[in-house]
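*Asks:*
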Amino acid sequence: MGRVLAYLLGVATIYGVTQTHYDYLAQYMFFTHRAQHLVLHHAGPFLIALAAPLPVLADGLPTRIRPFPGWSLAARLLRPVYRTLQHPLIAPVLFVGLIYFWLIPEIHFDAMLSADLYQVMNWSMALDGLLFWWLILDRRSPQQGGLGYGKRIAILLAVIPPQILLGAYITFSRGVIFDVYEVCGRAWPLDPLTDQLLGGLLTWIPATMMSAIGVLIILSFLFRDARKEDAADVTHATP
Amino acid sequence: MARWIIPVVASLWLVGCGEQAWQTKDISGLMPPLEFELIDENGNDVTADQFIGKSTLLFFGFTHCPDVCPTTLARLDAATQRMDEATRDDIQVLFVSVDPRRDDPETLRTYTDAFGPQFIGLTGDKAALDELTRRYRVTYGYGEEDSDGNYDVSHSSAVFAFNDQGEVRLLIRDSDPMDAVVADLERLASGA
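Note that the protein sequences, when read in sequence, are chains A and B. Just so we're aligned, residue 1473 is where the first sequence starts under my numbering, counting upward by one. Just so we're aligned, residue 156 is where the second sequence starts under my numbering, counting upward by one.
(1) Mapping DSSP to helix, strand and coil, what is I1677 (chain A)?
(2) Could you work out which residues of chain B lie near R1658 (chain A), taking near to mean beta carbons separated by less than 9 Å?
(3) DSSP on Y297 (chain B), reduced to helix/strand/coil?
(4) Give the DSSP-derived three-state secondary structure of I1491 (chain A) in the structure shown.
(5) At the level of alpha carbons, what is the spacing between F1604 (chain A) and D334 (chain B)?
(6) Determine the chain B residues that contact P1664 (chain A) at a beta-carbon separation under 7 Å, and present them in chain order.
(7) Could you check what DSSP says for T211 (chain B) in three-state terms: helix, strand or coil?
(8) Is it the case that the segment 216-234 of chain B contacts the segment 283-291 of chain B, given that we only count it when at least three CB pairs across the two stretches are under 8 Å?
(9) What do you reckon, are the CB atoms on D339 (chain B) and T179 (chain B) nearer than 7 Å?
(10) Closest to G1687 (chain A) by CA distance: which of A:A1640, A:L1638, A:L1662 and A:L1609 is it?
(11) Short of 7 Å Cβ to Cβ, which residues in the segment 238-264 of chain B face chain A?
(12) Do A1523 (chain A) and Y1479 (chain A) come within 7 Å of each other at the CB atom, strictly closer than that value?
(13) Where do the ends of the beta strand (DSSP E) carrying I1636 (chain A) lie?
(14) For the alpha helix (DSSP H) that contains A233 (chain B), what are its first and last residues?
(15) Under the three-state reduction of DSSP, which class applies to G1731 (chain A): helix, strand or coil?
(16) Let me check one thing: in DSSP terms, what residues is A316 (chain B) bridge-paired to?
(17) Three-state secondary structure (DSSP) at G271 (chain B)?
(18) Would you say L1599 (chain A) lies against chain B (beta-carbon separation less than 7 Å)?
(19) Which chain B residues sit within Cβ distance under 7 Å of Y1500 (chain A)?
(20) Below 7 Å between beta carbons: does that hold for Y297 (chain B) and V308 (chain B)?
(21) Buried or exposed: G304 (chain B), going by 16 or more other Cβ atoms within 10 Å of its Cβ?
(22) Label I194 (chain B) either buried or exposed according to how many other C-beta atoms from any shown protein chain fall within 10 Å of its C-beta, with 16 as the threshold for buried.
(23) Do L343 (chain B) and I182 (chain B) have their C-beta atoms within less than 7 Å of each other?
(24) According to the neighbour-count rule (16 or more other Cβ atoms, all chains shown, within 10 Å of its Cβ), is T1535 (chain A) buried or exposed?
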């Protein structure tokens, strides 16, 4: 039940920030844009990955499509790409790197100006968020092929400092870093530096808090596995 | 790895030589070509096709604008004054008022005439303005009305520049130096 709720909530939040009037606000104000990316890259994919919906979604496919002819070939071609993206050293670099990349002032300017680039930006964030939280919140234990719990916690901790650094830099900047909101007009009259400060705080605090929540969930996985092992030992011990 | 890095860097460097760079923000390909259906300062319905053939500068504002609009229009006027007459005649400035409630065609005509003959005032109903502003990813909004009925209007501060085919080329900001604006407008008028 909780997993169903997490999945629906994850999908609903992503829908809410991309397909409703909220998307307009996200285009014409920096802090609303940062909140949108917080949902697309952190909260939404986090909830979806937590629900681990893949087996259910796969079972839900029409039987007609399931033995899809090109499926095994596509899987063979995509597997090395997927493996590379989900490498424990590459995944965190990609996760943080993408946040930095779209916040390079020149790139950010172009992305906010071009309708196509804007979509590429948003969906690349959502896709990378799914990949990242998928890796971290994998329901499979390390014995079943999931990533080791220690590595997962290390990744979660590793992505915190660069996000704090970036968020703090934006928050404490005295000058306007992203002038595209001035050039295109803001959704409502708000002081540019206040807008930037709020955006910086969103990049900094809630984003890094997601790591802390992630660590707590990994710990619960760890304890769950330990309990299962204990139970197995007990049944072995009794003659 | 090192085997392909040198050719790649070398070719990128050579590509850089090919074309003289714009000095203001180049937005070629980032935005769609010029298109609109508006009302001009004589009260006639006009479309973008009627403005093809000259380089076009597009700017959004309103005539009651206290600072940004007159400054920007005066800067464009000063920039065109520094060109020879033939070049100047190849440039037109479309001033689109996003405040049609106060800016009727006559008000617009009086306003743009003060800046020069190449300035053309345009406006339209909310649907037409929304379509155009959305197309160029800018927005506008109205502030609270005071007791005298005056209100502020938020709008984009940028000037969008199109070549004589109506293809988007440049985005000129308040902060761009005058020399850069003049050089780019001359290049634009020469058919770049």
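Glycine included, each C-beta is placed from N, C-alpha and C at the ideal position. Just so you know, these numbers come straight off a predicted model, no measurement behind them.
*Replies:* Quick look at the numbers:
(1) Taking the first sequence and counting its residues from 1, the one referred to as residue 1677 (chain A) is at position 205. Residue state, collapsed to three classes: helix.
(2) Along the first sequence, one-based indexing puts residue 1658 (chain A) at 186. Going along chain B in sequence order, the residues near R1658 (chain A) (Cβ under 9 Å) are T294, G296 and S309.
(3) Here residue 297 (chain B) is taken as the residue at index 142 of the second sequence, counted from 1. Looking at Y297 (chain B) - three-state DSSP - the assignment turns out to be strand.
(4) Walking along the first sequence from the start, residue 1491 (chain A) turns up at place 19. Note that residue 1491 (chain A) is Gln in the sequence shown, not Ile. Q1491 (chain A): coil per DSSP, three-state reduction.
(5) If you number the first sequence from 1, residue 1604 (chain A) lands on position 132. If you number the second sequence from 1, residue 334 (chain B) lands on position 179. If I take the Cα positions, the gap works out to 48 Å.
(6) Position 192 of the first sequence, counting from 1, holds the residue named residue 1664 (chain A). Within chain B, no residue comes near P1664 (chain A); the closest Cβ sits about 12 Å away, beyond 7 Å.
(7) Working through the second sequence from its first residue, we reach residue 211 (chain B) at position 56. If DSSP states are grouped into helix, strand and coil, T211 (chain B) belongs with the strands.
(8) no
(9) The residue you call residue 339 (chain B) lines up with position 184 of the second sequence. The residue you call residue 179 (chain B) lines up with position 24 of the second sequence. Contact flag set, yes.
(10) Walking along the first sequence from the start, residue 1687 (chain A) turns up at place 215. The sequence shown places Val at residue 1687 (chain A), rather than the Gly named in the question. Of the candidates A:A1640, A:L1638, A:L1662 and A:L1609, the one whose C-alpha sits nearest the C-alpha of V1687 (chain A) is A:L1609.
(11) none
(12) Residue mapping note: residue 1479 (chain A) aligns to position 7 of the first sequence, counting from 1. Residue mapping note: residue 1523 (chain A) aligns to position 51 of the first sequence, counting from 1. Yes, Cβ-Cβ distance for Y1479 (chain A) and A1523 (chain A) is below 7 Å.
(13) Sequence index remark: in the first sequence, residue 1636 (chain A) carries index 164 (1-based). Here I1636 (chain A) belongs to no beta strand (DSSP E); instead the alpha helix (DSSP H) covers I1632 to F1644.
(14) Looking up residue 233 (chain B) in the second sequence gives position 78. V223 to Q236 is the span of the alpha helix (DSSP H), which, as asked, contains A233 (chain B).
(15) This structure gives no information on residue 1731 (chain A), because the portion of chain A shown stretches from 1473 to 1711.
(16) Walking along the second sequence from the start, residue 316 (chain B) turns up at place 161. Its beta-bridge partners are B:L212 and B:L325.
(17) The residue labelled residue 271 (chain B) in the question sits at position 116 within the second sequence. Three-state result, G271 (chain B): coil.
(18) Indexing the first sequence from 1 puts residue 1599 (chain A) at position 127. No, L1599 (chain A) does not count as interfacial toward chain B.
(19) On the first sequence, residue 1500 (chain A) is found 28 positions in, with the first residue counted as 1. The answer, in chain order, is T294.
(20) Taking the first residue of the second sequence as 1, we reach residue 297 (chain B) at position 142. Taking the first residue of the second sequence as 1, we reach residue 308 (chain B) at position 153. Yes, they are a contact pair.
(21) Looking up residue 304 (chain B) in the second sequence gives position 149. Under this definition G304 (chain B) is an exposed residue.
(22) Here residue 194 (chain B) refers to the residue found at position 39 of the second sequence. Burial call: buried.
(23) What you label residue 343 (chain B) is simply residue 188 of the second sequence in a count that begins at 1. What you label residue 182 (chain B) is simply residue 27 of the second sequence in a count that begins at 1. Going by C-beta atoms, L343 (chain B) is not nearer than 7 Å to I182 (chain B).
(24) Position 63 of the first sequence, counted from the start, is the residue given in the question as residue 1535 (chain A). The residue in question, T1535 (chain A), is exposed, as its Cβ has fewer than 16 Cβ neighbours within 10 Å.
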